[in-house]
Amino acid sequence: MSDDLVFYTNPMSRGQIARWMLEETGAPYRTELLEYGTMDSDAYRAINPMAKVPAIQHGDRVVTECAAICAYLADAFPDAGLAPATIDRADYYRWLFFAAGPVEQAVTNRALGVEVPPEKTAMMGYGDFDRVVDVLDGWLATHDHVAGGRFTAADVYVGAQVIWGLGFGSLPKRASFEAYAARLTEREGYKRAKAADDALIAEMQEAAG
Numbered sequence: 651m652s653d654d655l656v657f658y659t660n661p662m663s664r665g666q667i668a669r670w671m672l673e674e675t676g677a678p679y680r681t682e683l684l685e686y687g688t689m690d691s692d693a694y695r696a697i698n699p700m701a702k703v704p705a706i707q708h709g710d711r712v713v714t715e716c717a718a719i720c721a722y723l724a725d726a727f728p729d730a731g732l733a734p735a736t737i738d739r740a741d742y743y744r745w746l747f748f749a750a751g752p753v754e755q756a757v758t759n760r761a762l763g764v765e766v767p768p769e770k771t772a773m774m775g776y777g778d779f780d781r782v783v784d785v786l787d788g789w790l791a792t793h794d795h796v797a798g799g800r801f802t803a804a805d806v807y808v809g810a811q812v813i814w815g816l817g818f819g820s821l822p823k824r825a826s827f828e829a830y831a832a833r834l835t836e837r838e839g840y841k842r843a844k845a846a847d848d849a850l851i852a853e854m855q856e857a858a859g
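Residue numbering for the sequence shown follows this note's numbering, beginning at 651 and increasing consecutively.
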């Protein structure tokens, strides 16, 4: 554990994405668990005024939002090789923020039952759900990883969206998605992160009776 890198999370949250990224870096970190209902405390709002997890504190720097955490950690721990060279980051940034923007918005709106009339799709940052899925499918059908021909921090965020989407039915079962998820879930960093969060969830459920 390390007090230089602190991870604020709840295992039943998007904090699972940040933990996976932390495990991929190999850097030591300390975990601070927050229960739902306690995140609005003054102490935690000083870390994240949005009163949600995850967040990381690295020295005197605080980073929130999963995509930003992934990108930051890749740069903060370059020896892990989780970001392409600066001149090769076009696809890296493109797909990292495609997942954080259009994919997140399209999936969330569909889950909430938001129906966008065809004539209003131009007002939406993502257009419509089917187009988002088709675009992501088209890329992953021809690329084992989203950028640079190898695993990067962008795969943590995009991969988390795909793995979650397949597991909970918020994304359709496309062959490219299933193959991509299968590759990523075999990574040791993913397995360590998942085991840690599953253990914490079990402890929380046992404590709750």
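We treat Cβ as the ideally placed atom computed from N, Cα and C, and that holds for glycine.
Just so it is clear, the structure is predicted and the values come from calculations on it, not from any experiment.
{"Item": "N-terminal and C-terminal residue of the alpha helix (DSSP H) that TYR743 is part of", "Value": "740-748"}
{"Item": "Whole alpha helix (DSSP H) elements within the region 750-830, 4-residue minimum", "Value": "754-761, 779-790 and 803-818"}
{"Item": "Neighbour-count burial assignment, GLU673, 16 or more Cβ in a 10 Å radius", "Value": "buried"}
{"Item": "For GLN855 and SER826, the rounded distance between their alpha carbons", "Value": "34 Å"}
{"Item": "Beta-carbon gap between ALA749 and TYR776 smaller than 8 Å", "Value": "no"}
{"Item": "VAL796 beta carbon less than 8 Å from that of TYR745", "Value": "In the sequence as presented, Tyr is not what sits at residue 745; that position holds Trp. Taking 8 Å as the Cβ cut-off, TRP745 and VAL796 qualify as a contacting pair."}
{"Item": "Inter-residue CB distance, ALA677 and ASP690 (contact presumed, cutoff 8 Å)", "Value": "Not really, about 29 Å apart at Cβ, beyond 8 Å."}
{"Item": "Own chain, CB closer than 6 Å to ALA717, minus 5 neighbours either side, in chain order", "Value": "LEU746, ALA750 and TYR807"}
{"Item": "Inter-residue spacing [alpha-carbon to alpha-carbon] between GLU682 and PRO768", "Value": "45 Å"}
{"Item": "Endpoints, alpha helix (DSSP H) assigned at TYR840", "Value": "838-857"}
{"Item": "For TYR679, three-class secondary structure by DSSP", "Value": "coil"}
{"Item": "Nearest-angstrom Cα separation, counted from LEU821 out to ALA761", "Value": "10 Å"}
{"Item": "VAL703 and GLY665 closer than 8 Å at C-beta", "Value": "yes"}
{"Item": "Coarse secondary structure for ALA735, derived from DSSP in three states", "Value": "coil"}
{"Item": "With 16 other Cβ atoms within 10 Å as the buried cut-off, status of MET671", "Value": "buried"}
{"Item": "C-beta atoms of ASP788 and TYR742 nearer than 8 Å", "Value": "In the sequence as presented, Asp is not what sits at residue 788; that position holds Gly. Their beta carbons are not under 8 Å apart, which means GLY788 does not touch TYR742 by this criterion."}
{"Item": "Proximity to GLN707 [Cα-Cα], best of GLY815, PHE801, LYS844 and VAL656", "Value": "VAL656"}
{"Item": "THR802 and ALA733 closer than 8 Å at C-beta", "Value": "yes"}
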